[in-house]
Amino acid sequence: MKRLFPLAFLAAAAFAAPAAQAFAEDTITIGFTYSQTGPLNVDSLGQQRGYEFWRDEVNAAGGIKAGGKSYKVNFVNYDDQSVGGRVQQLYTRLVNQDRAQFLFGPYSSGLTAPAAVISEQYGKIMVASGGAEEKPYMLGNKYLFMVITSASHYLSGAVEALKSKNPHAKVAMVYSDDPFSKTVLTATKQQAEAAGLQVVMDESYAPSTTDFGPIVNKIISSNADAFMGGGHYSDGATLARQMYDQKANMKWVSILVAPGDDKFGELGGAAMGVTVPSQWEVQVSYKPQFGPTTEQFAKAFEDKFHVKADYHSASGYTAGAILQHAIEQANSIEPEKVAAALNATDVTTFFGHIKFATDPGHHGLQTEHEMVLAQWQKVNGKPGRQVVWPDAAKSANLIYPLSASQ
Amino acid sequence: MFGIIASIIDGVLVGLVYGLAAMGLTLIWGVMDVINLTHGTMIVAGMMALYLISGTLGISPYFTLPPILIGGFFVGFALYWIAVHRMMGRPPLMSLLSTFSVNLVLVGLGTAVWGTALFNVEVSLPGLTIDRYTFPGPHILAAVLAAVIASLLYLFLHYTRLGKALRAVANNREAAELVGIPTTRVLAIAVGCGVALAGVSGMLIGTLFPFTILSGDGYQLKSFVVTVLGGFGNPVGALMGGVALGLLEGAVTPFVPVSWTLVIEFVLFVLVLIAFPGGVFARRGTL
């Protein structure tokens, strides 16, 4: 009997193995990190919800169909604590220990760059939806794809809109000394000067700056009548508040990131009239070739999470939808075939037009998606964002000068 | 030209509030040689208390000062028994680690409850406009309140029995015990006062700028700089250090690219340390 037991065990294992194999083949594991803690928590949470919302929808519809099979989506994720150093450890773990077949990007440019080193090293496709800096896409990476508009186009719409209202505007550019903000404002300065606007101040501040009082006085001394800058969350909001409190009398204010969050409305009068470049707003109305419309997405998202969808959640969802589309087009989950399908992607979703650059110097960069410019205005008596630029996508007229909205 | 003067005045106004925050840190160090690494979080706690109390009750933000002062004292009192008491007499690294641990727990709890979302308290107070430059009302009032509270602390330390006991413990704990001062209770009161000051300065900062649950780190760093400038353990020096830092920020910004401000600040900071190793206003041991 004792001799028979190992044989019986082996026989049972032999029967069980194919069953386990078949189950594994019907599941796709996608790995990513998110910033549950640390300063990127708010925006990262939106992106994470977008990923999860897509996964739940796909699984409810039977999974991703490729090669005659339906693959249910399984997530493996970790908290990166908003720290770049953690990202590389965790993405290595996702690939080596958790056997993730595909990867989603973390939130922010600062975290996407180190994660891309790992995805490329292991030949894993990574679809990024929260890091707009171009540099990782200029290094010859083959498996990195970005669904959002890149940093150098963030304020292009703001420059065009400002020029339409005041072709001789004097612009002060004051921004956080971090890679994302510097990339945005370096490009914006060139675009502004090419448009004939006068850049009278161009300075960066340390991300740890807490009091912008002397900086606001310097902006006033520069005789600027328009402001473009900011960086991330607290600094952007503090700048808006202090420019308002110190009566800087700007006719135009465009601030990165911070005004994209609904809590920015807590600034009250200081929020009114402030414009923010946005990857997506609930007011846009692209006609999707597949997937939900903007209205369907916004409603279903709010029903599920009891918060309004923002561009982070929309871009997160789109990362999943585009990966799904590529796998189904490739009819395979092999990375090379899926990468080829992503290279050939040219589609419109509720998030907008998506197409990736394929030349080695910019591979994976988003080429077609367009940003909109949102402005804080009174919506039904309460502060809210309205799309004001471009004209084709606007939900309200642009208010200029800013004092007219306060 | 007036832009430069305006920046300096603005720097001094905010510097007084930084100084008040640093007084909380230096008081605890002066009495028991403990660096309180929950300091930044206590500043944020003051901000959150301001937001919640004034938002819930619909009262003026400045009426939240007394409850935050009293509440901060009891929080500090509890902090002493939780994180500091057992570390007394041990190497300074132990209390540093214990307060650091408590800080991590508090930040984790805060993030879990409120996330890192933005909070703002609207204060409508007329400012003072000269030429094109405006000194916002909340900045002026915060500076005045910071100066008043600092003065009251000075009077408390020098003219009350408990204040004198605090100073006695700071000077020589064993001798203070020998003359019948209940040193353990006095130490707990010192931490209570330090945290109360951190909370109140947080409340004042909350009337000036928007904040998140993670805003404390920046203010804690400033408090350390101010404390070292003013001399560790010297509350009056801390206030002067705060004014000096604010003045420096205001005076430097108009002349150099903004990104250089921090570099210049810390270069001067190192030079000051070399010239005055105990701080510019050092009077160690006298509190």
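These protein sequence lines map, in sequence, to chains X and F. Start counting the first sequence at 20; every next residue gets the next number (the numbering used here). Start counting the second sequence at 60; every next residue gets the next number (the numbering used here). Don't be surprised by glycine CBs; every beta carbon is placed ideally from N, CA and C.
Problem - Range covered by the alpha helix (DSSP H) that runs through F:L138 - result: L124 to L138
Problem - Amino acids of chain F, ordered along the chain, whose beta-carbon sits closer than 8 Å to that of X:D99 - result: Ordered by position in chain F, no residue passes the 8 Å Cβ test against X:D99, which lies about 14 Å from the chain.
Problem - Any C-beta of chain F under 8 Å from that of X:T229 - result: yes
Practice task
Report the three-state DSSP secondary structure of F:V172 (helix, strand or coil).
Solution key: helix
Exercise for the section: Identify the continuous beta strand (DSSP E) that holds X:F164 and give its terminal residues. Expected result: L163 to M165
Handout entry: X:V218 versus F:L163 - alpha carbon distance
Key = 43 Å
Practice task
Please list the residues of the region 231-246 of chain X that have a C-beta atom closer than 8 Å to any C-beta atom in chain F, keeping them in chain order.
Solution key: G232, P233, I234, N236, K237, I239 and S240
Practice task
Would you identify the three-state DSSP class for X:A415, choosing helix, strand or coil?
Solution key: coil
Problem - Closest Cα partner of X:T367 within the set X:Y330, X:S223 and X:T312 - result: X:T312
Practice task
With 8 Å as the threshold, decide whether the Cβ of X:Y53 is near any Cβ in chain F.
Solution key: no
Exercise for the section: Between the Cα of X:H381 and those of X:S138, X:M165 and X:G103, spot the shortest distance and give me the residue it belongs to. Expected result: X:M165
Problem - Cβ-based neighbour list, F:E236, same chain, cut-off 8 Å, excluding 5 preceding and 5 following - result: T242
Handout entry: F:S157, buried or exposed, once every other Cβ within 10 Å from all chains shown has been counted against 16
Key = buried
Handout entry: chain F contact residues for X:N399, given Cβ-Cβ distances below 7 Å
Key = Here the premise fails: no neighbours, minimum Cβ distance about 20 Å.
Problem - the region 70-85 of chain X in contact with the region 127-143 of chain X per 3-pair CB rule at 8 Å - result: no
Handout entry: Short CB-CB distance (under 8 Å) between F:R191 and chain X
Key = yes
Handout entry: Option in X:T111, X:K88 and X:G383 with minimal Cα separation from X:D99
Key = X:T111
Practice task
Could you tell me whether the region 114-130 of chain F touches the region 272-291 of chain F, using the rule of 3 or more Cβ pairs below 8 Å?
Solution key: no
Handout entry: Short Cβ contact (8 Å threshold) for X:Q298 with X:S334
Key = yes
Practice task
Just list the alpha helix (DSSP H) runs in the region 71-139 of chain X, keeping only unbroken ones of 4 residues or longer that don't cross its boundaries, in chain order.
Solution key: 103-115
Problem - Length of the line joining the Cα atoms of F:R226 and F:V245 - result: 10 Å
Practice task
Give a yes or no on whether 8 Å exceeds the smallest Cβ distance from X:T257 to chain F.
Solution key: yes
Problem - Buried versus exposed, by CB contacts within 10 Å (16 or more), X:K270 - result: buried
Handout entry: Contacts of X:F283 in chain F (Cβ-Cβ under 8 Å)
Key = L177
Problem - CB contact flag (X:L275, X:Y162, <8 Å) - result: no
Handout entry: With 16 other Cβ atoms within 10 Å as the buried cut-off, status of X:W73
Key = buried
Problem - DSSP-derived helix/strand/coil call for X:Y194 - result: strand
Exercise for the section: Pull out every residue of the region 321-347 of chain X whose Cβ sits closer than 8 Å to any Cβ of chain F, in chain order. Expected result: none
Handout entry: Closest by C-alpha distance to X:D221, when choosing among X:E321, X:T228 and X:I238
Key = X:I238
Practice task
Return no unless some Cβ of chain X is closer than 8 Å to the Cβ of F:G309.
Solution key: yes
Handout entry: chain F contacts from the region 247-276 of chain X (Cβ-Cβ distance under 7 Å)
Key = Y252, S253, A256, T257, R260, D264, Q265 and K266
Practice task
Would you mind giving the Cβ-Cβ distance between F:G309 and F:G70, rounded to the nearest angstrom? I have them listed as a contact below 8 Å.
Solution key: 2 Å
Handout entry: For X:F370, the nearest candidate out of X:D197, X:K401 and X:Q308 (CA to CA)
Key = X:Q308
Handout entry: Best match in F:E324, F:G167 and F:D190 for proximity to F:A303 [C-alpha to C-alpha]
Key = F:E324
Exercise for the section: Please state if the CB of X:T364 and the CB of X:H388 are separated by a distance shorter than 8 Å. Expected result: no
Problem - Cross-strand partners of X:M220 (DSSP beta bridge) - result: X:A191
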